[in-house]
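A.B. asks: Below is one structure. I have some questions about it.
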Amino acid sequence: TPGRRFGYARGRVVGGSSAVNACLALRGIPSDYDEWREFGLEEWSWTDVLPVFRSIENDIDVSNEYHGQGGSIEVRRHQLQNLTPGQAAFYSACLDLGFPETVDHNNPESTGVGTGPWNIDENGRRISTAMAYLERARGRKNLKILGDYLVDKLVIKNGRAVGVEILGPEGRVRIDGRRISVCAGAIGTPAILMRSGIGDPVELKRHGITPIVDRRGVGCNLIDHARVGVGWRGMPDFVRKDSPYLEVLLRYTSTASTHLNDMQMMLFQMLPEPSLSIRTQLMKPLSRGRLYLNGSDPLTQPDIRLDLITDPEDMRRIIDGLQLVARFVTNPRIAQIGATELILDDSSDMDAMTFARQVQDIDWTTDYVKRSVRHYVHPVGTARMGRLDDPDAVVDHHGRLIGLLGLRVADASIMPTIPSANTNLSCIMIGERIVQWMRREEN
24 TPGRRFGYAR
34 GRVVGGSSAV
44 NACLALRGIP
54 SDYDEWREFG
64 LEEWSWTDVL
74 PVFRSIENDI
84 DVSNEYHGQG
94 GSIEVRRHQL
104 QNLTPGQAAF
114 YSACLDLGFP
124 ETVDHNNPES
134 TGVGTGPWNI
144 DENGRRISTA
154 MAYLERARGR
164 KNLKILGDYL
174 VDKLVIKNGR
184 AVGVEILGPE
194 GRVRIDGRRI
204 SVCAGAIGTP
214 AILMRSGIGD
224 PVELKRHGIT
234 PIVDRRGVGC
244 NLIDHARVGV
254 GWRGMPDFVR
264 KDSPYLEVLL
274 RYTSTASTHL
284 NDMQMMLFQM
294 LPEPSLSIRT
304 QLMKPLSRGR
314 LYLNGSDPLT
324 QPDIRLDLIT
334 DPEDMRRIID
344 GLQLVARFVT
354 NPRIAQIGAT
364 ELILDDSSDM
374 DAMTFARQVQ
384 DIDWTTDYVK
394 RSVRHYVHPV
404 GTARMGRLDD
414 PDAVVDHHGR
424 LIGLLGLRVA
434 DASIMPTIPS
444 ANTNLSCIMI
454 GERIVQWMRR
464 EEN
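Using my numbering, read the sequence shown as starting at 24 and increasing by one per residue.
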């Protein structure tokens, strides 16, 4: 619904959003990366990125040509025999509804239900990028980590980025560098670029910013996964303080879709009030949003316009997903755990059978989606890669800003399209891939 407003959480912490996400270590499927070649990105195909994904991980459970054991990110899966009652019921319901089992969601040909791969250690503690990469590098003489600082803008001289201006406890500080890499994510990066004079000149002038580099694609092409579903409150017998947030993942293809695994479904276990929720998630959306500045002050949050489910095909698929949710909430496996009285995403109450009837009414379901759909906090695309002659591209295939020397971007903002997966591993892969080119140039 136009005008709906809600929060958009980001990881303002060392390690970024990898320190606050759900720890699901998914890659997506080969076509997610092969389609990037349509943007002139020949070195980002599945065959190019698979070795990088393998180098990132230390997969505890699966050892084959698709997985690595020597990387910084431990990946492990919950065991079926140890699932909580709610997760076990969801798993069994998936089998009842005819979905195949998979033991490895990161196998490029896998689909169906299985325990998800998580970037956690043997004690269930998350492994953020800060833990995996920065912790062992803290002692290096050429590394200085500054916490609680906010990047305002780049310092640009004679067509080259030569430094950054940051705000911290002692006020504004300038740091110069021979090479500048921006890794502030799909929300922070375009805001930094625009405050620096890089973007659509008309938009920049609106905020009193002098245009330096005309890249009209900055802030455009904002993409996020969309989700909607229902929940149950008062489930103390099934959700405890030591219960994992998630254990089981269903990946499936929506009716009449041309993209494999364009949907996800999961049962979430939440606190402080013990509750469960089941969500259908659109993983290959066609809808596009845009990020705008709200002014030149870095302390002012940007205007994030997601425009979720504005494409008719997205609406069709998310409705198809809600109708599948209805089959789950009326499944005997789910009913056996006492999950019959629903709390809908718009905060209204409804019993499961009534909901199952309601979602067959397309008008009612369309209205429910418009009132209730939320983001998945996986923003990408706002400084996308592309060919040098592409007027909407912001960086080239190696992450170098088009029209400015000395600056690279290495985060989710450079993705031209969104993978059909939670984006954490893809972001790490992008960082590793771009570092490969930086090393080659340095040598």
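Quick reminder that beta carbons are idealized off the backbone N, C-alpha and C, glycines included.
Is the separation between the beta-carbon of residue 403 and that of residue 246 shorter than 7 Å?
C.D. replies: By 1-based counting over the sequence shown, the position of residue 403 is 380. By 1-based counting over the sequence shown, the position of residue 246 is 223. Yes, they are a contact pair.
A.B. asks: Is the separation between the beta-carbon of residue 153 and that of residue 38 shorter than 7 Å?
C.D. replies: Residue 153 sits at position 130 when you count from the first residue of the sequence shown. Residue 38 sits at position 15 when you count from the first residue of the sequence shown. In this structure, residue 38 lies closer than 7 Å to residue 153 by Cβ.
A.B. asks: Can you find a heavy atom of the ligand FMN that lies under 6 Å from the Cβ of residue 185?
C.D. replies: The ligand content of the structure shown is nil, which means the ligand FMN is not present either.
A.B. asks: Looking only at its chain, what residues have a beta carbon closer than 7 Å to the beta carbon of residue 66, apart from the 5 residues adjacent to it on each side?
C.D. replies: Walking along the sequence shown from the start, residue 66 turns up at place 43. Cβ neighbours of residue 66 beyond the five flanking positions: 420.
A.B. asks: Rounded C-beta distance between residue 261 and residue 109? I'm assuming under 8 Å.
C.D. replies: On the sequence shown, residue 261 is found 238 positions in, with the first residue counted as 1. On the sequence shown, residue 109 is found 86 positions in, with the first residue counted as 1. Confirmed, about 4 Å.
A.B. asks: Checking 7 Å against the spacing of the C-beta atoms, do residue 85 and residue 455 come in under that value?
C.D. replies: Locating residue 85 in the sequence shown gives position 62, counting from the first residue. Locating residue 455 in the sequence shown gives position 432, counting from the first residue. It is not a contact, given that the beta carbons lie outside the stated cut-off.
A.B. asks: In terms of residue numbering, what span does the beta strand (DSSP E) encompassing residue 373 cover?
C.D. replies: For the purposes of this step, residue 373 is identified with residue 350 of the sequence shown, where counting begins at 1. Segment 372-374, the beta strand (DSSP E) holding residue 373.
A.B. asks: Give the DSSP-derived three-state secondary structure of residue 291 in the structure shown.
C.D. replies: By 1-based counting over the sequence shown, the position of residue 291 is 268. Residue 291: strand per DSSP, three-state reduction.
A.B. asks: Per DSSP, what kind of secondary structure is residue 210 in: helix, strand or coil?
C.D. replies: If you number the sequence shown from 1, residue 210 lands on position 187. In this structure, residue 210 counts as helix in the three-state DSSP scheme.
A.B. asks: Cutting at 6 Å between CB atoms, please list the residues of its own chain near residue 204, excluding the five before and the five after it.
C.D. replies: On the sequence shown, residue 204 is found 181 positions in, with the first residue counted as 1. Here the set comprises 431, 433.
A.B. asks: Going by alpha carbons, who is nearest to residue 238 out of 400, 218, 459, 70?
C.D. replies: Sequence index remark: in the sequence shown, residue 238 carries index 215 (1-based). Answer by Cα proximity: 218.
A.B. asks: Have a look at residue 445 and residue 376 and give me their C-alpha separation to the nearest angstrom.
C.D. replies: Sequence index remark: in the sequence shown, residue 445 carries index 422 (1-based). Sequence index remark: in the sequence shown, residue 376 carries index 353 (1-based). Looking at the two C-alpha atoms, the distance is approximately 31 Å.
A.B. asks: Consult DSSP for residue 167 and reduce its assignment to one of helix, strand or coil.
C.D. replies: On the sequence shown, residue 167 is found 144 positions in, with the first residue counted as 1. Three-state DSSP puts residue 167 in coil, outside helix and strand.
A.B. asks: By the three-class DSSP mapping on this structure, what secondary structure does residue 184 have?
C.D. replies: Stepping through the sequence shown from its first residue, residue 184 is reached at position 161. Note: residue 184 maps to strand in three-state DSSP.
A.B. asks: Leaving aside the five residues before and after residue 18 along the sequence, list all residues of the same chain whose C-beta is less than 8 Å from its C-beta, in chain order.
C.D. replies: Absent from the structure is residue 18, since the part of the chain shown begins at 24 and ends at 466.
A.B. asks: Can you name, in chain order, every residue of its own chain whose Cβ lies under 7 Å from the Cβ of residue 174, other than the five neighbours on each side?
C.D. replies: To locate residue 174, count along the sequence shown from 1; it is residue 151. Answer for residue 174: 187, 189, 207, 215, listed in chain order.
A.B. asks: For residue 60, which residues from the same chain have a beta carbon less than 8 Å from its beta carbon, with the 5 sequence-adjacent residues on both sides left out?
C.D. replies: For this step, residue 60 is matched to residue 37 along the sequence shown. So the qualifying residues of the chain are 67, 68.
A.B. asks: Quick one, which of 132, 102, 83 has its alpha-carbon nearest residue 53's?
C.D. replies: On the sequence shown, residue 53 is found 30 positions in, with the first residue counted as 1. Of the listed residues, the one whose Cα sits closest to residue 53 is 132.
A.B. asks: Specify whether the segment 126-145 and the segment 38-48 touch according to this definition: at least 3 beta carbon pairs, one from each stretch, less than 8 Å apart.
C.D. replies: With the cut-off at 8 Å, the segment 126-145 and the segment 38-48 touch.
A.B. asks: Using DSSP bridges, identify the partner residues of residue 339.
C.D. replies: Residue mapping note: residue 339 aligns to position 316 of the sequence shown, counting from 1. Bridge partners of residue 339: none, in fact.
A.B. asks: So, for residue 106: in the same chain, excluding its five sequence neighbours on each side, which residues have a beta-carbon less than 8 Å away from its beta-carbon?
C.D. replies: Taking the sequence shown and counting its residues from 1, one reaches residue 106 at position 83. 114, 138, 270, 271, listed in sequence order.
A.B. asks: Ordered along the chain, which non-local residues of its own chain (more than five positions away) have a Cβ less than 7 Å from that of residue 411?
C.D. replies: Taking the first residue of the sequence shown as position 1, residue 411 is located at position 388. Closer than 7 Å at Cβ, skipping near neighbours: 419, 425.
A.B. asks: Measuring CA to CA, which of 125, 336, 301 is closest to residue 311?
C.D. replies: Here residue 311 refers to the residue found at position 288 of the sequence shown. Out of 125, 336, 301, 336 has the C-alpha closest to the C-alpha of residue 311.
A.B. asks: State buried or exposed for residue 307, treating a residue as buried only when at least 16 other CB atoms are found within 10 Å of its CB.
C.D. replies: On the sequence shown, residue 307 is found 284 positions in, with the first residue counted as 1. Buried, because 16 or more other Cβ atoms sit within 10 Å of the Cβ of residue 307.
A.B. asks: What is the residue span of the beta strand (DSSP E) that residue 138 lies within?
C.D. replies: For the purposes of this step, residue 138 is taken as the residue at position 115 of the sequence shown. Counting along the chain, the beta strand (DSSP E) containing residue 138 begins and ends at 135-138.
A.B. asks: How about residue 292 and residue 248: do their beta carbons lie closer than 7 Å?
C.D. replies: As a first step, residue 292 must be located in the sequence shown, where it is residue number 269. As a first step, residue 248 must be located in the sequence shown, where it is residue number 225. Cβ atoms of residue 292 and residue 248: not closer than 7 Å.
A.B. asks: Assuming contact is defined by CB atoms lying nearer than 7 Å, are residue 340 and residue 277 in contact in what I supplied?
C.D. replies: Start at 1 with the first residue of the sequence shown, and residue 340 comes out as number 317. Start at 1 with the first residue of the sequence shown, and residue 277 comes out as number 254. Yes, Cβ-Cβ distance for residue 340 and residue 277 is below 7 Å.
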